[in-house]
Structure formats: structure tokens, C-alpha cells
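Going by this note's numbering, the final residue of the sequence shown carries number 463, and the count climbs one at a time with no gaps.
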Amino acid sequence: MDHRGDRGELPDGGAEARGGRLSRSRPEIPPSPAGFSDGVKSQPAVALRDGTEVELRPLERDDRQRLVRLFGRLSPETVYRRFLSPIRAPSEGGLDRLLDLDHREREAVAAMSGEEVVGVARYSRAPGTRSADLAVVVEDAWQGRGLSHFLLKRLTELARRQGIDRFTATIHSENRPAIGVLRRSFPAASFRLNGTEVEAELPLEPRLGFPAR
């Protein structure tokens, strides 16, 4: 699931919310000096449905080649459904933007299996709002195992800390698994069909409880 991004580049989740639907001013929030890393790296691995364990940690600048390798392992179908474009390879500019994170307005969670990134969830706040654009990609071999659940849960926790109260996302209408994950994860979600794409509004309720995997 992802927004359009720049065609021919790895989308970075950084576009503003479509149509300016949310225009409320963001309250002043004291910045977190450590951002994502507060207590995250020391957390234990999470177990997926089949018992496989993965580590969730902040995406870092030295993950650049790991992202390139991740993209190379994605099937053409996954690339098209997630990025809404038949991208052959991530551009240098796209990678730069994906890794341009301040852990407040722009955040990303990486799922690690050994030394490889197998999934990424990212948000980018629309300037001057409480809304952030959501982008998620999971390697084909790791789909259907509950990984998106953990990525979304961790990213939601981090977004709430920064005063974000909703995500927006654009999903290909044929990407039923991704739409299903969002429906289960965000009970107040609303969806609007726009041609071959689905526009999702995903309120982050104060006590949003992620269901069991």
C-alpha cells in the first residue's frame, strides 16, 4: 500500500494528504531528542504466525543497500500493487527521500530477518496537520504471516507520540490483502474507490487496539 510517489522512483510516503482534506493546525509538541530510538532497539523480537521471529527497528541511512536488495526480491505484482507503477528499480533520489527521516514528521520501521530488511512501514506527516501518509511494503516470501500487523502497530504507536491522529493511504483496488489488513487494524477506517485505486482514511483512535494476529 502506498501513495503514487514520483513515477519511476521508489515512493517514499512523503506526499501531502490528498485534496487537503485535513487542515487543522498541529499542536506544539516537544520534540523527542532520540525520536524512534527511545527504547526500541532493546525490545525483543516479535513472533509471526508461524513462529518465525523478526526484529523491528528504525530504518537507518546505512540500510540503503538493504532496501535495494529488498526491492530486487519483490515480484512484479507486488511492485505494481504496492507502488502503483511498474518500477524496475529504485532511483537514487527515491532512496534519498525514503531515508530522509527525522523520527518526528517522517518515520519508518524496518522488519529485519538476520541482516536483511524484509518489510518497511513509513509515515510522512502532511505539513501543518495531524495527518500522515502511510506506506507499507512486505517482501513476497513474508506476506500472509502477520508481519504487516506488527509493522502497523509499531508505526501507529510512534505516530501517536508525535500528535498524529490519522493515516491516509492509497491502495490498488485489486490489493485485497492490504485492504483487509487496514480494515482489521483500524476499526474506524473509511475507504473510497477512485478509479483503480482506493483512498483510505485511517483514524488512530486513542485506545486503538490491534486484534490478535
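Think of the CB as a built atom: it goes at the ideal place given N, C-alpha and C, for glycine as much as any other residue.
Opening and closing residue of the alpha helix (DSSP H) in which residue i lies
i: L405; result: L397 to R411
i: A428; result: R426 to S435
Assumed close pair residue i, residue j - CB separation to whole angstroms, cut-off 8 Å
i: G369; j: L401; result: 6 Å
i: A450; j: I421; result: 6 Å
i: L454; j: A409; result: 6 Å
i: L298; j: R395; result: 5 Å
i: L306; j: V296; result: 6 Å
Endpoints, beta strand (DSSP E) assigned at residue i
i: T420; result: R416 to H422
i: E447; result: E447 to P453
i: L207; result: Past the boundaries of the shown model lies residue 207; the chain is included only from 251 to 463, so the question cannot be answered.
i: R442; result: S440 to N444
i: L309; result: Premise fails: L309 is in no beta strand (DSSP E) and is neither H nor E.
i: R354; result: Segment: none, R354 is in no beta strand (DSSP E) and carries neither H nor E.
i: R299; result: Counting along the chain, R299 falls outside any beta strand (DSSP E), and DSSP gives it neither H nor E.
i: G369; result: E366 to R375
Length of the line joining the Cα atoms of residue i and residue j
i: Y330; j: I337; result: 7 Å
i: F321; j: S398; result: 17 Å
i: G301; j: Q393; result: 14 Å
i: S381; j: E365; result: 32 Å
i: G445; j: F333; result: 16 Å
i: S352; j: E327; result: This sequence places Asp at residue 352; Ser is not what is there. Distance between the alpha carbons of D352 and E327: 31 Å.
i: E447; j: A419; result: 10 Å
i: R356; j: E407; result: 14 Å
i: V304; j: S374; result: 24 Å
i: R311; j: R354; result: 16 Å
i: S335; j: D346; result: 19 Å
i: L317; j: K403; result: 21 Å
i: V387; j: Q412; result: 23 Å
i: D432; j: T379; result: Sequence check: residue 432 is Leu here, not Asp. Distance between the alpha carbons of L432 and T379: 21 Å.
i: A439; j: G343; result: 32 Å
i: R372; j: D383; result: 8 Å
i: S341; j: R314; result: 11 Å
i: L443; j: A391; result: 28 Å
i: S435; j: R319; result: 28 Å
i: F417; j: D350; result: 19 Å
i: E389; j: P377; result: 30 Å
i: A339; j: P437; result: 35 Å
i: G430; j: A385; result: 15 Å
i: V367; j: L405; result: 16 Å
Short CB-CB distance (under 9 Å) between residue i and chain D
i: T379; result: Absent from the structure is chain D; it holds one protein chain and no more.
May I have a chain-ordered list of the alpha helix (DSSP H) segments no shorter than 4 residues that lie completely inside the region 320 to 352? 326 to 333 and 342 to 348
Is there contact between the region 358 to 373 and the region 424 to 444, where contact requires at least three CB pairs shorter than 8 Å? no
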